[in-house]
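Residue numbers (full-length UniProt numbering): 1 to 641. Positions of the beta carbon are idealized from the N, C-alpha and C atoms, including for glycine.
Structure, rendered in structure tokens:
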């Protein structure tokens with residue numbers, strides 16, 4: 001206790017001592033910069049020289065009086081240490097997630113924590129650790145004995161998103177009333193807590209660094225894009241960095257971070273001004289055309305990411321274009337946007353000779369050749385036509401085309417005028433024509449996916465190539481006898497996309513417009529016994545073709561989830577993909593379509609989607625679905641599939 005008291009006493013007095021010195025140091029740097037930009041002929045130039053000389057002499061006298069080691073703290077050194085970038089990041093500390101503010105200087109990486117301050121006091125940082133760049137190395141999971149990343153269940157992440165949407169709705173309602181700012185302030189505090197929690201719990205990709213003694217530190221980030229950015233800038237700086245830092249200088253540097261920081265707030269929607277763009281909600285069609293500028297033939301593929309709720313999510317991946325300096329993919333993808341403002345593109349070289357993959361670490365062993373991003377401009381994308389663009393990066397150029405459709409337009413169920421096909425045709429019409437219990441398209445897609453897609457990472461979540469999906473759609477609509485041959489030659493994600501498209505284009509959802517409000521009400525019941533009774537009775541009230549097709553699909557999705565350790569598709573992930581597709585009501589019955597709120601705000605829509613996901617997840621998690629009468633019993637066990 002005595003030692004602790006003395007330590008606190010010394011720290012307090014050192015702080016009092018260095019603050020005036022810190023001011024002189026910063027003033028010296030300012031004077032130095034002013035001199036650089038003041039012409040010698042200017043009347044203030046000699047005055048600035050005198051002031052700089054006085055400051056330098058003062059600092060030199062302090063350096064001489066402290067220790068010989070302090071002589072390394074010269075004006076030149078202070079001038080050379082510059083802040084390159086800073087970010088809020090999640091650090092993994094003994095299995096727990098901690099929010100940190102990380103500062104990368106020209107010669108060191110500094111990890112800090114924002115101190116809790118009393119009201120009215122400014123921000124201050126605590127130094128948690130630092131590594132000189134000359135001593136910094138990047139670790140993989142094989143290099144270190146690291147604790148496993150504590151993964152947060154998708155259900156928990158979605159629960160946070162639901163709360164965020166609910167609080168945003170409440171804030172909008174309160175703004176239209178006269179209850180005063182106190183209520184809104186309380187709601188904004190709740191919103192801040194939920195958004196901070198979401199940002200803390202979302203990232204799962206490890207970015208590991210270590211010092212010269214091998215002590216490792218792990219950050220969790222959401223995207224390979226950010227990890228590559230940090231590695232690139234650190235490696236570049238390591239070629240030219242020089243290092244010297246005393247404990248007093250470290251304290252001064254940490255305190256100067258408040259003024260040096262470029263990122264002042266955690267990236268949350270509540271920090272935005274009301275007139276800022278809320279981002280785009282809807283569907284973005286992207287065609288990845290080609291790449292040029294490669295200096296050698298490579299096996300190249302592209303990955304697409306968009307931001308969602310403050311972090312980035314991988315949404316699509318092109319096929320590998322082999323052994324070419326000018327790959328031509330010409331692949332189209334449909335990407336769902338949730339308040340998105342940025343599209344990122346990463347180009348990877350497929351490393352075919354690497355069979356070992358850091359699965360536990362979640363790292364991609366393929367090499368990033370180039371990366372770039374573009375802002376999604378609502379004004380430009382509101383145009384219904386395709387917008388062509390080029391992303392230039394590291395000497396490589398990738399040509400893209402983009403087209404955006406808002407949700408109220410893209411989610412309309414459009415009945416087909418050709419009743420001879422299967423897409424956009426009522427399910428009972430198709431099953432009656434085919435004399436089957438389950439539409440042939442559903443059976444064939446499921447069989448092909450179960451044959452070769454059960455271990456495909458992101459099956460049903462990763463977009464298939466749009467042209468392949470349209471080709472399959474045309475083949476099914478024309479009753480092409482060779483459709484099974486076509487399917488064997490196509491990427492399995494295109495087949496998964498065709499199945500999703502079939503359900504999405506049904507003129508009425510599988511759960512029917514009539515019963516949809518009842519399902520939405522049933523899932524909200526708090527009593528588990530009442531909920532089960534309600535949900536099962538509603539399910540068994542579906543028309544016969546709808547019920548049998550759903551049970552067939554449900555059985556398939558459960559089998560997909562059994563391979564979750566390989567394909568990364570949990571029951572919750574599958575419910576997220578299929579829930580809105582199977583339950584989304586026709587436009588006239590949607591709560592959103594009748595809302596006076598602008599669709600771009602989308603919070604009510606998000607809540608409706610969450611309810612649809614929860615309904616499907618409920619049935620996926622049921623071990624068995626009992627049948628209350630003999631008629632249904634015979635129905636369930638007499639299918640021809």
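Self-check item: Own chain, CB closer than 6 Å to residue 190, minus 5 neighbours either side, in chain order
Solution: Position 190 of the chain shown holds residue 190. 167, listed in sequence order.
Quiz prompt | Nearest-angstrom beta carbon gap, residue 84 and residue 233 [assumed within contact, 8 Å] | solution = Translated into positions along the chain shown, residue 233 becomes position 233. Translated into positions along the chain shown, residue 84 becomes position 84. About 6 Å; that satisfies the 8 Å criterion.
Quiz prompt | Inter-residue spacing [alpha-carbon to alpha-carbon] between residue 438 and residue 297 | solution = Counting from one through the chain shown, the residue named residue 438 turns up at place 438. Counting from one through the chain shown, the residue named residue 297 turns up at place 297. Computed Cα separation, rounded: 47 Å.
Practice problem: Sort 375, 434, 324 and 396 by Cα distance to residue 350 and report the nearest one. | Solution: Your numbering for residue 350 matches position 350 in the chain shown. Nearest C-alpha to residue 350: 324.
Exercise. Note down, in chain order, each residue of its chain lying with its Cβ closer than 8 Å to the Cβ of residue 151, except the 5 sequence neighbours on either side.
Key: Taking the chain shown and counting its residues from 1, one reaches residue 151 at position 151. Within the same chain, residue 151 has close Cβ partners 204.
Practice problem: Please report the Cβ distance between residue 561 and residue 617, rounded to the nearest whole angstrom; I am assuming they are in contact, meaning their Cβ atoms lie under 8 Å. | Solution: Residue mapping note: residue 561 aligns to position 561 of the chain shown, counting from 1. Residue mapping note: residue 617 aligns to position 617 of the chain shown, counting from 1. Residue 561 to residue 617, Cβ: 11 Å. No contact.
Quiz item: In the structure shown, what three-state DSSP assignment does residue 37 receive?
Solution: Residue mapping note: residue 37 aligns to position 37 of the chain shown, counting from 1. Residue 37 falls in the coil class under three-state DSSP.
Quiz item: Could you give the C-beta distance for residue 476 and residue 485, rounded to a whole number, given that I count them as a contact under 8 Å?
Solution: Your numbering for residue 476 matches position 476 in the chain shown. Your numbering for residue 485 matches position 485 in the chain shown. Not confirmed; about 13 Å, so no contact.
Quiz item: Cα-Cα, which of 108, 393 and 29 is closest to residue 291?
Solution: Sequence index remark: in the chain shown, residue 291 carries index 291 (1-based). Nearest to residue 291 by C-alpha distance, out of 108, 393 and 29, is 393.
Exercise. Using the Cα positions of residue 267 and residue 315, report the straight-line distance between them to the nearest angstrom.
Key: To locate residue 267, count along the chain shown from 1; it is residue 267. To locate residue 315, count along the chain shown from 1; it is residue 315. Residue 315 has its alpha-carbon roughly 21 Å from the corresponding atom of residue 267.
Practice problem: Give the DSSP-derived three-state secondary structure of residue 331 in the structure shown. | Solution: Taking the first residue of the chain shown as 1, we reach residue 331 at position 331. In the structure shown, residue 331 sits in a strand (DSSP, three-state: E or B).
Quiz item: Counting only runs that start and end within the stretch 489-528, where is the beta strand (DSSP E) found for 3 or more residues in a row?
Solution: Entirely contained in the stretch 489-528, not one beta strand (DSSP E) run reaches 3 residues.
Quiz prompt | Cβ separation of residue 209 and residue 131, assumed to be a contact under 8 Å, to the nearest whole Å | solution = Indexing the chain shown from 1 puts residue 209 at position 209. Indexing the chain shown from 1 puts residue 131 at position 131. Indeed they touch by this definition, with Cβ atoms about 6 Å apart.
Exercise. Grab me the residues of residue 183's own chain with a C-beta within less than 8 Å of its C-beta, minus the 5 sequence neighbours each way, in chain order.
Key: Stepping through the chain shown from its first residue, residue 183 is reached at position 183. Within the same chain, residue 183 has close Cβ partners 174.
Quiz item: In its own chain, which residues sit with a C-beta less than 7 Å from the C-beta of residue 614, not counting the 5 before and 5 after it?
Solution: Along the chain shown, one-based indexing puts residue 614 at 614. The answer, listed in chain order, is 523.
Self-check item: the stretch 426-442 contacting the stretch 460-468, beta-carbon criterion three pairs below 8 Å
Solution: Cβ pair count under 8 Å is below three, so no.
Quiz item: Leaving out five residues before and five after residue 124 in sequence, what residues of the same chain have Cβ atoms less than 6 Å from its Cβ?
Solution: Here residue 124 refers to the residue found at position 124 of the chain shown. Counting only Cβ-Cβ distances below 6 Å, and skipping sequence neighbours, we find 115.
Quiz item: Where are the alpha helix (DSSP H) runs, 4 residues long or more, that stay fully inside the stretch 192-272, in chain order?
Solution: The stretch 192-272 contains these whole alpha helix (DSSP H) runs: 224-238 and 247-260.
Practice problem: For the beta strand (DSSP E) holding residue 367, just list the boundary residues, first then last. | Solution: The residue you call residue 367 lines up with position 367 of the chain shown. Per DSSP, residue 367 belongs to the beta strand (DSSP E) from 367-375.
Quiz prompt | Option nearest residue 347 by Cα separation, candidates 308, 288, 197 and 137 | solution = Against the chain shown, residue 347 aligns to sequence position 347. Measuring from the Cα of residue 347, the nearest candidate turns out to be 288.
Quiz item: Which residues in the same chain have their Cβ closer than 8 Å to the Cβ of residue 467, if we skip the five residues on either side of it in sequence?
Solution: Along the chain shown, one-based indexing puts residue 467 at 467. So the qualifying residues of the chain are 330, 331 and 332.
Quiz item: Of all the alpha helix (DSSP H) runs that stay within the bounds of the stretch 531-585, which reach a length of 4 or more residues?
Solution: Counting whole runs of 4 or more residues, the stretch 531-585 contains the alpha helix (DSSP H) stretches 544-561, 564-567 and 571-583.
Quiz item: Hey, is residue 48 close to the ligand MG, as in C-beta under 8 Å from one of its heavy atoms?
Solution: As for the ligand MG, it is missing from this structure, which has no ligand bound.
Quiz prompt | Length of the line joining the Cα atoms of residue 653 and residue 568 | solution = Coverage of the chain is limited to positions 1 through 641, which leaves residue 653 absent and any answer about it impossible.
Practice problem: Spell out the partners DSSP gives residue 305 in its beta bridges. | Solution: Along the chain shown, read from residue 1 onward, the residue named residue 305 stands at position 305. DSSP, once it has assigned bridges, lists 314 and 344 as partnering residue 305.
Self-check item: Beta-bridge partners of residue 282, as assigned by DSSP
Solution: Within the chain shown, the letter at position 282 stands for residue 282. In DSSP, residue 282 forms a bridge with 337 and 406.
Self-check item: Which of helix, strand or coil DSSP assigns to residue 130
Solution: Against the chain shown, residue 130 aligns to sequence position 130. In this structure, DSSP gives residue 130 an extended state, which the three-state scheme calls strand.
Exercise. Enumerate in chain order the residues of its own chain whose CB-to-CB distance from residue 254 is below 8 Å, with the five nearest sequence positions on each side excluded.
Key: Position 254 of the chain shown holds residue 254. Correct list, in chain order: 110, 112, 125, 126 and 127.
Exercise. Put residue 482 into one of helix, strand or coil per three-state DSSP.
Key: Indexing the chain shown from 1 puts residue 482 at position 482. Here residue 482 sits in coil by DSSP.
Practice problem: My understanding is that residue 340 touches residue 280, with C-beta atoms under 8 Å, so please give their C-beta distance in whole angstroms. | Solution: Here the question's residue 340 lines up with position 340 in the chain shown. Here the question's residue 280 lines up with position 280 in the chain shown. Correct: roughly 5 Å between the Cβ atoms.
Practice problem: Report the three-state DSSP secondary structure of residue 476 (helix, strand or coil). | Solution: Along the chain shown, one-based indexing puts residue 476 at 476. In the structure shown, residue 476 sits in a helix (DSSP, three-state: H, G or I).
Quiz prompt | According to DSSP, residues forming a beta bridge with residue 397 | solution = By 1-based counting over the chain shown, the position of residue 397 is 397. Answer is 292 and 392, bridged to residue 397.
Exercise. With a threshold of 16 other CB atoms inside 10 Å of the CB of residue 537, please say whether the residue is buried or exposed.
Key: By one-based count along the chain shown, residue 537 stands at place 537. Classification of residue 537: exposed, given that the 10 Å Cβ count is below 16.
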